[in-house]
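If you count the sequence shown from 1, position 30 lands on 30 in the UniProt record's numbering, and the numbers rise without skipping.
Where a beta carbon is used, it is the ideal one built from N, C-alpha and C, also for glycine.
Only one structure is covered here, and it is reproduced in the block below.
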Amino acid sequence: MSDQSHKTLTGALLLLAGGAAGAAVALLFAPQSGRRTRRKIERNLHQVSRRAGQSTQEAATRLHDMIEGLGEQAGDLVERGEEMAGDLRQQLLQQFERGEKALARRRRQLAKYDE
Numbered sequence: 001m002s003d004q005s006h007k008t009l010t011g012a013l014l015l016l017a018g019g020a021a022g023a024a025v026a027l028l029f030a031p032q033s034g035r036r037t038r039r040k041i042e043r044n045l046h047q048v049s050r051r052a053g054q055s056t057q058e059a060a061t062r063l064h065d066m067i068e069g070l071g072e073q074a075g076d077l078v079e080r081g082e083e084m085a086g087d088l089r090q091q092l093l094q095q096f097e098r099g100e101k102a103l104a105r106r107r108r109q110l111a112k113y114d115e
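See the structure below:
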């Protein structure tokens, strides 16, 4: 998980915890009637829940985008690796051919001395 996604998830969890703590404090110190206080707490919890859901969705979207980007990068790396392997193969074949030609020249030179 990326640092940004981790921070977003942590923020969402802290938001939920803060909302719950705020609701509890509101219950303890509320000068309003119980019914009114319960409605207010319910609204606040609903807002906190909605915000947490949005934060979670944003984190999921970022994570999805990050994974998608990593997949594209992996594909690019594989393609580049294949190109490099092909280039290296060509270079090795050229070196092998040069070696064969040098060996053939040397054999011809040595054959002249055997005559």
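Please classify residue i: is it buried, with 16 or more other beta-carbons within 10 angstroms of its beta-carbon, or exposed?
i, result
"Ser-55", "buried"
"Gly-19", "buried"
"Ala-59", "buried"
If distances are taken between C-alpha atoms only, which option among the options comes closest to residue i?
i, options, result
"Leu-9", "Ala-20, Thr-61 and Arg-35", "Thr-61"
"Leu-45", "Ala-23, Leu-103 and Val-78", "Ala-23"
"Val-48", "Phe-96, Glu-97, Phe-29 and Ala-21", "Ala-21"
Once you ignore the five residues that flank residue i on each side, which residues in its own chain have a CB closer than 7 angstroms to its CB?
i, result
"Gly-11", "Ser-55"
"residue 117", "Since the displayed the chain opens at 1 and closes at 115, residue 117 lies outside it and no answer follows."
inquiry  = Ignoring anything shorter than 3 residues, give me the beta strand (DSSP E) runs that lie fully in the segment 31-91, in order along the chain.
reply    = none
inquiry  = Is it the case that the segment 40-52 contacts the segment 11-24, given that we only count it when at least three CB pairs across the two stretches are under 8 angstroms?
reply    = yes
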